[in-house]
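Remarks on the structure that follows.
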Amino acid sequence: MEDKLIEVLETLGYPVFLQGSLLEDQPYPDSFFTFWNDSTEGMSFYDDNENAIIWTYGVYFYSTDPLKVNSKLLEIKPLLKKAGFICTGAGYSVRSDEVTHTGRGMDIIYRQAV
Amino acid sequence: MAKRNRGLGFDYNIFADYSERLEALGGDLKEIFTDLLEQTAETVEWDTDSAMAKGNLPRGGKYSTGKTKKAIVKDSRVKWTASTGEIPLGFDWGKNSAAGYLISGTPRMRPNFRLEDMYARKRYMANLVKDMQQFLLDEIEDRMGG
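In the order they appear, the protein sequences are chains A and B.
21 is the number of the first residue of the first sequence in my numbering; add one for each residue after it.
885 is the number of the first residue of the second sequence in my numbering; add one for each residue after it.
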């Protein structure tokens, strides 16, 4: 499922990382996405078997440009929806390790039939 | 959807049936729910405190200043306005702390698994609600002489 998410996030042309994977001494790119898989949950049980899995992700965008921080998550939202992800709302502020960058995050889910 | 809420909350309507039954059995709802909510708050306080143990913090707590631990709501008490009771749980978001980004992580820091489990996933709150429902069921059974 990560592959599907990364593929969509990469369409805007910014680097994509797993949240927390940048090394301590690794500089931030000017603008980039990160993501984190919060949880997976089995659903639609029948005969002791799950027939669907709900994947929950946090998707984050960080940038030195506050205008991009405000707009890029909203720009990626229709692309994520087209790929089958469920996204609602307009996100929330998140902190960054660097004073040069601000960030915004959005929670998304994907219902996978199994 | 597991929402990354800045606090914990639940729909009180799930306790409506229990309230009706307790009231019919002569229970003092305010007293019962005060007891229930304050016990729940104590559980959340203890769990949040445990999640902030040095071993669970980035770099083993090397950069910890203690500010976030101080933002944990302690000895929480219910405040009643007419028939509505409110009780703060978890973190005092008005205080300056790292709680927000310990839960969501940063590009250089993974989310704190324990805090994420409590504040960003459904399971923790679902288990709390089950415990609360059991508390109310026990109250009902006591009053029925069970």
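Positions of the beta carbon are idealized from the N, C-alpha and C atoms, including for glycine.
Quick caveat: nothing in here was measured; it's all calculated off a predicted structure.
Closer than 8 Å to the CB of T952 (chain B) there is not a single CB belonging to chain A. Residue range 997-1003 is occupied by the alpha helix (DSSP H) that includes Y1003 (chain B).
Nearest CB-CB separation between T949 (chain B) and chain A: not below the 8 Å threshold. Scanning A:D67, A:G104, A:S51 for the CA closest to the CA of G123 (chain A) turns up A:S51. For S116 (chain A), the chain B residues whose C-beta falls within less than 8 Å of its own C-beta are T990, P991, listed in chain order.
For G974 (chain B), no CB of chain A lies under 8 Å from its own CB, so it is not counted at the interface with that chain.
Cβ contact annotation for W964 (chain B) (same chain, cutoff 7 Å, sequence separation greater than five): K914, in chain order. From the listed residues B:S960, B:A1004, B:R992, B:A966, the smallest Cα separation to G984 (chain B) is found for B:A1004.
Here the alpha carbons of F1019 (chain B) and L920 (chain B) stand approximately 7 Å from one another. Secondary structure of M1028 (chain B) (DSSP, three-state): coil.
Note that the C-beta distance between G40 (chain A) and G989 (chain B) is below 8 Å. Listed along chain A is no residue with a C-beta nearer than 8 Å to that of G1029 (chain B); the closest approach is about 38 Å.
For F37 (chain A), the C-beta contacts it makes with chain B under 9 Å involve P991, in order along the chain. The beta carbons of D117 (chain A) and M993 (chain B) sit closer together than 8 Å. Near chain B, meaning a CB-to-CB distance below 9 Å, the residues of the region 53-66 of chain A are T54, W56, D58, S59, E61. With 16 or more other Cβ atoms inside 10 Å of its own Cβ, N996 (chain B) counts as buried. Of the other Cβ atoms in all chains shown, 16 or more fall within 10 Å of the Cβ of P991 (chain B); this residue is therefore buried.
In the DSSP annotation of this structure, the continuous segment of the beta strand (DSSP E) that includes Q132 (chain A) starts and ends at 122-133. The beta carbon of E61 (chain A) sits closer than 6 Å to the beta carbons of I74 from its chain, once the five residues preceding and following it are set aside; these are given in chain order. For A1004 (chain B), the C-beta contacts it makes with chain A under 7 Å involve D58, in order along the chain. DSSP, read as helix, strand or coil, puts W977 (chain B) in coil.
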